[in-house]
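Below is one structure, written out as structure tokens; the observations come after it.
There are 2 protein chains.
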Amino acid sequence: MLSKKTKYGLKALTYLARAKGKEPVQIAEIAKHENISQKFLESILLTLRRNGFLGSKKGKGGGYYLIKDPADIPMTTVMRVLEGPIAMVPCVSLNFYEKCDDCPDEDTCSVHKLMLQIRDSALDVYRNNTLADIL
Amino acid sequence: MLSKKTKYGLKALTYLARAKGKEPVQIAEIAKHENISQKFLESILLTLRRNGFLGSKKGKGGGYYLIKDPADIPMTTVMRVLEGPIAMVPCVSLNFYEKCDDCPDEDTCSVHKLMLQIRDSALDVYRNNTLADIL
DNA sequence: TATTACCCTATAGTTTTAGTAGATTATCGA
DNA sequence: TCGATAATCTACTAAAACTATAGGGTAATA
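In the order they appear, the protein sequences are chains A and B.
Going by our numbering, the first residue of the first sequence is number 521, and it counts up by one from there.
Going by our numbering, the first residue of the second sequence is number 521, and it counts up by one from there.
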């Protein structure tokens, strides 16, 4: 399941991408248009800013705005920040690798074998989609 | 994240597939070999039996065994029973479709667009892998 | 001084991952 | 046939983790 955090984050990025070039957009406006709990969205936008996707401005006329061009934001990085590892099992994760404590040998593990394919297929999609592509 | 339920279920199926043609295998044996909590595994095997993957025999010499040939067990059905919908969002699910209450129009939804591709790529993998393939 | 992002905390709800206790059923030996 | 034993089956409970959201106050800026 995709968490609402990721869903809302993606929607917010999309919203900001469509408002590209204009003034900063306020949290309240995004929350209203996308039917998102404002407080929840607040924390999501914060993590997006901290991870280099967004810039912000305080005070009147303030808000959030995209830092980079939508075409330069691959879904891989967005998903890793919002949803976490792309792999469904740590033992097949590129960026968050961890050995399974119950599994003695990855090479003969059926779960490993299957999840490796799932990871690759997901990576393939995320790598071939930037924010601009899903607008 | 893949739930432990699914992970253990897959491992159990693998174990039983390798013991194919022999006597029923006891829960305790599988649990021991795969480092799984026996009681947890018990409930997992039960749902696998109820969904037509396994047969069981009580009493001495009893246990679980595969009903079908591993080559006739596609991962799609296994994953749906153990993990639930393959889609990460209900609005792109084939078997568990549900409309998002926050999203007014699926056709213009960026999340929908992306998750549709993810679903298809995952389906592609699961459809091309039977239990026999991941042994 | 009003407006807006920022930050910290708490919490209800749900899901996951089991553990406990016992009932039920089949086999086997006496 | 009877009872001991071995195994699955069932239901209830519970701890832990995670999710989604709310509240209230602080800091910066026009």
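Every residue gets a Cβ at the ideal spot worked out from N, C-alpha and C, and that includes glycine.
CB contact below 8 Å: residue i versus chain B
i                : result
Ala551 (chain A) : no
Gln558 (chain A) : no
Val609 (chain A) : yes
Asn615 (chain A) : no
Leu530 (chain A) : yes
Residue i: CB within 7 Å of a non-hydrogen atom of the ligand PLP
i                : result
Leu602 (chain B) : What this structure holds is no ligand at all, so the ligand PLP is not there to describe.
For residue i, the first and last residue of its enclosing beta strand (DSSP E)
i                : result
Ser576 (chain A) : 574–577
Range of the contiguous alpha helix (DSSP H) that encloses residue i
i                : result
Leu536 (chain A) : 524–538
Phe560 (chain A) : 558–570
Ala652 (chain A) : Per DSSP, Ala652 (chain A) belongs to no alpha helix (DSSP H) and is neither H nor E.
Tyr646 (chain B) : 630–647
Met599 (chain A) : 595–602
Below-8 Å beta-carbon distance, residue i vs any chain A residue
i                : result
Lys633 (chain B) : yes
Thr534 (chain B) : yes
Identity of the residues DSSP links to residue i by a beta bridge
i                : result
Tyr584 (chain A) : A:Val545, A:Ser576
Under 8 Å between C-beta atoms of residue i and residue j
i                : j                : result
Val612 (chain A) : Arg639 (chain A) : yes
Ile654 (chain B) : Leu634 (chain A) : yes
Phe560 (chain A) : Tyr584 (chain A) : no
Tyr535 (chain A) : Ile550 (chain A) : yes
Lys531 (chain B) : Val631 (chain A) : yes
Val545 (chain B) : Thr567 (chain B) : no
Ile593 (chain A) : Met599 (chain A) : no
Ser641 (chain B) : Ser641 (chain A) : yes
Phe573 (chain B) : Leu533 (chain B) : yes
Asp622 (chain B) : Glu554 (chain A) : yes
Gly604 (chain B) : Glu543 (chain B) : no
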